[in-house]
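Peer 1: Below is a structure I'd like to ask you about.
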Amino acid sequence: MSCISTLPDWVSLKEWGVCLLTMYMSSVASTGPQLPDKAVFPQASIPQDFLEQLYMCASLFKDLQVSARVSNVHMLLFIKFGFAVIL
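Per this note's numbering, the sequence shown starts with residue 644, numbered consecutively.
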């Protein structure tokens with residue numbers, strides 16, 4: 644059962660976000676990063692330090708995207724409804 648179906652109506656945005664993130668991360672953790680079966684280069688030819696740098700760059704990009712999207716949601720709520728959301 645997902646935590647979304649068990650959340651009460653009064654749950655905060657932060658609690659709802661944590662629930663969604665927990666579900667997503669458990670899904671990602673169970674599969675992990677995988678290279679496709681039909682890659683251009685064999686996995687053995689790709690240096691491990693390159694893959695680590697690639698994962699770090701992807702993580703930074705994701706963090707920046709999340710920050711920008713949260714900022715956009717806050718701005719939209721402020722413009723449309725005239726209040727700021729504190730997470």
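Glycine is no exception: its CB is placed at the ideal position from the N, C-alpha and C atoms.
Should residue 722 be flagged as near chain B, meaning a C-beta pair shorter than 7 Å?
Peer 2: Absent from the structure is chain B; it holds one protein chain and no more.
Peer 1: Please state the DSSP three-state secondary structure of residue 683.
Peer 2: coil
Peer 1: Go to residue 693, then tell me how far its alpha helix (DSSP H) extends in each direction, as first and last residue.
Peer 2: 691-724
Peer 1: Go ahead and label residue 655 buried or exposed: buried means 16 or more other beta carbons lie within 10 angstroms of its beta carbon, across all protein chains shown.
Peer 2: Per the 10 Å Cβ criterion, exposed.
Peer 1: Expressed to the nearest angstrom, what Euclidean distance is found between the alpha-carbon atoms of residue 698 and residue 668?
Peer 2: 15 Å
Peer 1: Roughly how far, in whole angstroms, is the beta-carbon of residue 726 from the beta-carbon of residue 720, given that I think they are within contact range, below 8 Å?
Peer 2: 7 Å
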